[in-house]
Amino acid sequence: MGHRKLAALLKMGKNRIKRVMHKYGIEARRKKKRYIYPGKASSIVPNLLREPKMAGEQEVMFSDIFEVQLADRTKVRGCFALWKRTRHILALAFDYSMRAELVVSTIEMVEFSLPGTIWHSDQGSQYGAEQTRAVLLRKGFERSMSRAGTPTDNGYAERFVGQFKLSVAERRSYRTLGDFLRAAEAWVNFYNQDRPHEGLDQQSPDHYAREHGLPTAPYLPLL
19 MGHRKLAALL KMGKNRIKRV MHKYGIEARR KKKRYIYPGK ASSIVPNLLR
69 EPKMAGEQEV MFSDIFEVQL ADRTKVRGCF ALWKRTRHIL ALAFDYSMRA
119 ELVVSTIEMV EFSLPGTIWH SDQGSQYGAE QTRAVLLRKG FERSMSRAGT
169 PTDNGYAERF VGQFKLSVAE RRSYRTLGDF LRAAEAWVNF YNQDRPHEGL
219 DQQSPDHYAR EHGLPTAPYL PLL
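Reminder that position 71 of the sequence shown reads as 89 in this note's numbering, one-by-one numbering, no gaps.
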């Protein structure tokens, strides 16, 4: 983390934190360019977030699929659901494959019962699969997709992927999937409960939710 988030977390002045970091040569780790999956869904829907009236009146859930690599070069794929209003991660699932079942598992994990909530993703084939469409319909989500080749349309998800990779996937080498999942579980629950978020005035998602009378996130077990 940088000096601003550390200051909020430690409840100290940001300039003091900055001086200490500079004195001891401590720097925030920089994000690397994220992996982009080139697959495209056969069932494409419009980007509802570009319709101000609709997006402004509805809750929005962002989702994306990303890839990490273990020490033996085994590839693991993750999928998540991020609630825009509080920035909570309400679901996070991992698998070795990138099939639609990964997205379906993620959607099933979301304990969110507000019909008409927008489920926004990119145009990856997993999000347009029949089983994905079926579970979204059953859960009361309304599909929305980014425009082709426009990752900024899913900026909230992009930022989370970058932060997760910086804080977990690229922090150290993981010899086993279990080691990786334990680290991911600890961090994502820290993210929801304690980590300051610039978009929430340096409050954590849980703290922001309590301040505004909204539900906090359940503990997310990944093992």
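Don't be surprised by glycine CBs; every beta carbon is placed ideally from N, CA and C.
Just grab the DSSP bridge partners of residue i for me.
i	result
Gly-96	Phe-84 and Phe-112
Arg-161	Trp-137
His-215	Gln-221
Ile-107	Leu-100
Met-19	DSSP lists no partner for Met-19.
Val-78	Ile-136
What's the call for residue i, buried or exposed, on a 16-neighbour Cβ count within 10 Å?
i	result
Leu-120	buried
Gly-158	exposed
Lys-183	buried
Leu-100	buried
His-225	buried
Val-86	buried
For residue i and residue j, I'd like the C-alpha separation in whole angstroms.
i	j	result
Arg-190	Ala-201	10 Å
Ala-166	Leu-154	21 Å
Gln-144	Phe-198	24 Å
Ile-35	Ile-83	35 Å
Thr-150	Val-128	14 Å
Pro-56	Glu-126	Reliability of the predicted coordinates at Pro-56 is poor, the pLDDT of 48 falling under 50, and the value obtained from them is presented with this limitation in mind. Each residue's alpha carbon lies about 25 Å from the other.
Arg-68	Met-19	32 Å
Phe-112	His-40	37 Å
Gly-134	Arg-161	9 Å
Gly-96	Ala-175	12 Å
Pro-239	Glu-148	27 Å
Pro-236	Arg-213	15 Å
Lys-102	Gly-43	35 Å
Gly-142	Leu-28	40 Å
Arg-156	Trp-137	13 Å
Val-6	Arg-117	No answer is possible for residue 6: the residues shown for the chain start at 19 and end at 241.
His-230	Pro-223	11 Å
Trp-205	Ala-152	31 Å
Based on Cα-Cα distance, which residue from the options lies nearest to residue i?
i	options	result
Val-186	Asp-171, Gly-173, Pro-169 and Asn-207	Asn-207
Lys-93	Phe-80, Tyr-192 and Pro-214	Tyr-192
Glu-45	Lys-29, Leu-28, Leu-24 and Met-30	Leu-24
Ile-62	Thr-170, Gly-96, Gly-146 and Val-122	Gly-146
Arg-105	Glu-77, Gly-142 and Thr-124	Glu-77
Ala-109	Phe-130, Arg-22 and His-230	Phe-130
Arg-22	Leu-232, Gly-231, Pro-233 and Gln-221	Gln-221
Leu-88	Gly-196, Val-38 and Thr-124	Gly-196
So, under 8 Å CB-CB, residue i and residue j are touching, yes? Tell me the CB distance rounded to an integer number of Å.
i	j	result
Ser-164	Asn-65	6 Å
Phe-98	Asn-172	Phe-98 to Asn-172, Cβ: 12 Å. No contact.
Asn-33	Ile-107	Wrong, their Cβ atoms sit about 31 Å apart, outside the cutoff.
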